[in-house]
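Asker: Handing you a structure now.
Residue numbers (this note's numbering), protein chains in the order written: chain A, 1 to 207; chain B, 1001 to 1222; chain C, 2001 to 2244.
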């Protein structure tokens, strides 16, 4: 993790999103560099989630462009990013460790699963079926994915939902570490995250 | 490769663990085969003659209905999103999922076939022939069904629509599967020709299914 | 101690701890005695030694229905009296009942081979047992699908009761269907009334198999209670961990 990442820069130019024939947002411009966090705010329906899903590659770019300068040119932006959405992507029938094992193998990580589970406070539950976890614990398990697999760009949609104060603090530490390593965080939230030096982007305000 | 084996292993595990759908498909197959004589009558000579057809129809319906949750479960819990974020191509991911699905639901149908053949009074040669044709034919059903599952999952529909979309596509598999079985039992056609065509259909399906399914997911995803 | 006290799962576990060794020994002895009786019985003048299959086939057929009866009573216990052990009894009876039904089908097929010249004919009685077997598998599939025991219990209880009401209807329909189509090749099984030399071993085997059924049922119930305790402990472990 200590290796120096080349400086990255995620740039959106005149970005537009269209869903079901309706323009969600258009002419959106922003840019974030290594070590920076961009907090996306705005009313419901302003397109915060859509923006994150577009950067992750789940939604087609209707107009404008998205670039990740300094990244791996062989891989798409989504392949260099982590996406933490409203759903946990966990299988209740698999154990906590099996769930994390699978995503680590699938997303090409080599990270230590025990360490990642310990970092989110689930170290003692690795052999339990994920179906036994509470909503907050499931969320923590999703966060463990971000720790186990090193990817420079984090896309976090309401990352604090279902988390208690202790877990929110743990998340803040994880985000600080990620930024310190030269990562980029793009997050949509209604709640203050307590990240110093984070820039903010308010959506849904017509210029 | 490590990623694909992990995905294959995960899907196989999910299918056989408590709550998985794999044993239910075999049970469905058993019930379809059991119910047919109630409609046809218990005449063993008649059942023997149309036995391969009954077994093929049963296996066809069991494979298709089991496909309903193949992608829908991953869509519901958000796994489908994350599956697209790997540098492993989506086509290969879908092929691995389909293979795991065939291994846990298609193969048990093949294994159950000789047993069910007893109910229909098929002799050893006939039941071996039907099992062999199902062994090489059911992968084609799974791969064609995969494309249908991808189409319906993007529309957030499943069940009957999936079967309506996919059943017409499976007609060639049914034709050559039953033809090969009957060729082995009564002749006069050689068994080899339809059997080879059946193998070809499965191999074609292995290519077409995942590519079409990936195309459907990419275009319909939101 | 009153009988009602055994409704408590812990008491039930300690009771089965004491009872099971005796039951296992008793069932084994009864089976050994029964098999000895069976081989002492005279051979049928028409069927030869194959008639001995009857001594396992007929008790298995009776117990296959006995299993569904236990499930029906237990289901009433779940739905009406909300007895704490009722759904455990219902769940445990399903695989045991299915196993005896399968034994009945397999021995029927093996008996049919020399009698009818084929392993399977769509004889009304065999076919009814096959339908019963499918219904057992359906109940087992339902138990497997729902992870949470109390929810699964209610669903399985309703299915069991609907099945119990339908079983006579199914039996009647299958009989009607079979006589409608009665193929000439099928021999009727019911010959002259049974000779006492055959009746005694049959009764002994029925008792032995019944004892085996009860032993297995209690053992499976015990396993199920222990399995649920492990599940509860896991849930507690998850609850005590941070972030729950």
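By construction, the Cβ of each residue, glycine as well, lies at the ideal position given by its N, Cα and C atoms.
Do we get a CB-CB distance below 9 Å when we pair residue 1001 of chain B with the residues of chain C?
Answerer: Taking the first residue of the second chain as 1, we reach residue 1001 of chain B at position 1. It does not; no Cβ of chain C falls within 9 Å.
Asker: Could you give the C-beta distance for residue 35 of chain A and residue 179 of chain A, rounded to a whole number, given that I count them as a contact under 8 Å?
Answerer: Sequence index remark: in the first chain, residue 35 of chain A carries index 35 (1-based). Sequence index remark: in the first chain, residue 179 of chain A carries index 179 (1-based). Yes, they are in contact, since the Cβ atoms of residue 35 of chain A and residue 179 of chain A sit about 5 Å apart, within 8 Å.
Asker: Given residue 1206 of chain B, which residues of its chain have a CB within under 6 Å of its CB, disregarding the five upstream and five downstream residues?
Answerer: Locating residue 1206 of chain B in the second chain gives position 206, where the first residue counts as 1. Answer for residue 1206 of chain B: 1143, listed in chain order.
Asker: Am I right that residue 2067 of chain C and residue 2093 of chain C are in contact with their C-beta atoms under 8 Å? What's the rounded C-beta distance?
Answerer: Here the question's residue 2067 of chain C lines up with position 67 in the third chain. Here the question's residue 2093 of chain C lines up with position 93 in the third chain. At roughly 5 Å, the Cβ-Cβ gap stays under 8 Å, so residue 2067 of chain C and residue 2093 of chain C are in contact.
Asker: Would a check of beta-carbon distances place residue 1119 of chain B closer than 9 Å to chain C?
Answerer: As a working note, residue 1119 of chain B is residue 119 in the second chain. So, interface residue.
Asker: Shorter than 9 Å from the beta carbon of residue 107 of chain A to some beta carbon of chain B?
Answerer: Mapped onto the first chain, residue 107 of chain A falls at position 107. Interface residue, yes.
Asker: Please check the pair residue 2210 of chain C and residue 2015 of chain C, which I expect to be a contact at CB under 8 Å, by giving their CB distance rounded to whole angstroms.
Answerer: Against the third chain, residue 2210 of chain C aligns to sequence position 210. Against the third chain, residue 2015 of chain C aligns to sequence position 15. That belief does not hold up - the Cβ atoms of residue 2210 of chain C and residue 2015 of chain C are roughly 20 Å apart, past 8 Å.
Asker: Residues of chain B with a CB under 7 Å from the CB of residue 2141 of chain C: which are they?
Answerer: In the third chain, the residue the question calls residue 2141 of chain C occupies position 141. Within chain B, the residues near residue 2141 of chain C are 1023, 1024 and 1027.
Asker: Could you tell me the alpha carbon to alpha carbon distance between residue 14 of chain A and residue 201 of chain A, rounded to whole angstroms?
Answerer: On the first chain, residue 14 of chain A is found 14 positions in, with the first residue counted as 1. On the first chain, residue 201 of chain A is found 201 positions in, with the first residue counted as 1. Going by the C-alpha atoms only, they are around 14 Å apart.
Asker: Counting C-beta neighbours from all protein chains within 10 Å, is the total for residue 2200 of chain C 16 or more, i.e. buried, or is it exposed?
Answerer: By 1-based counting over the third chain, the position of residue 2200 of chain C is 200. Its Cβ having fewer than 16 others within 10 Å, residue 2200 of chain C is exposed.
Asker: Hey, would you say residue 2138 of chain C sits closer than 9 Å to residue 2123 of chain C, going by beta carbons?
Answerer: Taking the third chain and counting its residues from 1, one reaches residue 2138 of chain C at position 138. Taking the third chain and counting its residues from 1, one reaches residue 2123 of chain C at position 123. Not a contact, by the Cβ cut-off of 9 Å.
Asker: Ends of the alpha helix (DSSP H) at residue 27 of chain A?
Answerer: Stepping through the first chain from its first residue, residue 27 of chain A is reached at position 27. First-last for residue 27 of chain A: 22–33, but that is the beta strand (DSSP E), not the alpha helix (DSSP H).
Asker: Can you tell me whether DSSP reads residue 134 of chain A as helix, strand or coil?
Answerer: As a first step, residue 134 of chain A is located in the first chain; it is residue number 134 there, counting from the start. The answer is coil: DSSP assigns residue 134 of chain A none of H, G, I, E or B.
Asker: Give a yes or no on contact between the stretch 67–79 of chain A and the stretch 137–147 of chain A, applying the rule of three or more CB pairs nearer than 8 Å.
Answerer: No: the two stretches stay apart, fewer than three of their Cβ pairs being nearer than 8 Å.
Asker: Please report the straight-line C-alpha distance between residue 1114 of chain B and residue 1129 of chain B, rounded to a whole angstrom.
Answerer: Residue 1114 of chain B sits at position 114 when you count from the first residue of the second chain. Residue 1129 of chain B sits at position 129 when you count from the first residue of the second chain. One C-alpha to the other measures close to 10 Å.
Asker: So which residues of chain A does residue 1084 of chain B contact, with C-beta pairs closer than 8 Å?
Answerer: If you number the second chain from 1, residue 1084 of chain B lands on position 84. Simply 57, 58 and 78.
Asker: From the DSSP output, in three-state form, read off residue 1074 of chain B for me.
Answerer: Against the second chain, residue 1074 of chain B aligns to sequence position 74. Residue 1074 of chain B: helix per DSSP, three-state reduction.
Asker: List, in order along the chain, the chain C residues whose C-beta lies closer than 8 Å to that of residue 1030 of chain B?
Answerer: Here residue 1030 of chain B corresponds to residue number 30 of the second chain, with the count starting at 1. Those within 8 Å of residue 1030 of chain B in chain C are 2134 and 2137.
Asker: Under the assumption that residue 203 of chain A contacts residue 42 of chain A (Cβ atoms under 8 Å), give the Cβ distance between them as a whole number of angstroms.
Answerer: Within the first chain, residue 203 of chain A is the residue found at index 203, counting from 1. Within the first chain, residue 42 of chain A is the residue found at index 42, counting from 1. Confirmed, Cβ separation roughly 4 Å.
Asker: Between the Cα of residue 2220 of chain C and those of C:2205, C:2020 and C:2057, spot the shortest distance and give me the residue it belongs to.
Answerer: Residue numbering aside, residue 2220 of chain C sits at position 220 when the third chain is read from its first letter. Cα-wise, what sits closest to residue 2220 of chain C is C:2020.
Asker: Exposed or buried, what is residue 1186 of chain B when buried is set at 16 or more other beta-carbons lying within 10 Å of its beta-carbon?
Answerer: Taking the first residue of the second chain as position 1, residue 1186 of chain B is located at position 186. Exposed, because fewer than 16 other Cβ atoms sit within 10 Å of the Cβ of residue 1186 of chain B.
Asker: I'd like the list of long-range same chain contacts for residue 2230 of chain C, defined as Cβ closer than 8 Å, with 5 residues on each side in sequence excluded.
Answerer: Residue numbering aside, residue 2230 of chain C sits at position 230 when the third chain is read from its first letter. Excluding positions up to five away in sequence, the list is empty.
Asker: Taking DSSP as the reference, what is the three-state secondary structure of residue 108 of chain A?
Answerer: If you number the first chain from 1, residue 108 of chain A lands on position 108. Of the three classes helix, strand and coil, the one that applies to residue 108 of chain A here is coil, per DSSP.
Asker: Who are the Cβ neighbours of residue 2104 of chain C in its own chain at under 7 Å, not counting the five residues just before and after it?
Answerer: Indexing the third chain from 1 puts residue 2104 of chain C at position 104. So the list reads 2057, 2060, 2061, 2064 and 2129, once near-sequence residues are dropped.
Asker: What is the rounded straight-line gap between the Cα of residue 1051 of chain B and the Cα of residue 2174 of chain C?
Answerer: In the second chain, counting from the first residue as 1, residue 1051 of chain B sits at position 51. In the third chain, counting from the first residue as 1, residue 2174 of chain C sits at position 174. C-alpha separation (whole angstroms): 21 Å.
Asker: Return the first residue and the last residue of the beta strand (DSSP E) that residue 63 of chain A is part of.
Answerer: In the first chain, the residue the question calls residue 63 of chain A occupies position 63. Residue 63 of chain A -> beta strand (DSSP E) spans 63–69.
Asker: Residue 129 of chain A by DSSP, collapsed to three states: which one?
Answerer: Indexing the first chain from 1 puts residue 129 of chain A at position 129. Correct three-state label for residue 129 of chain A: strand.
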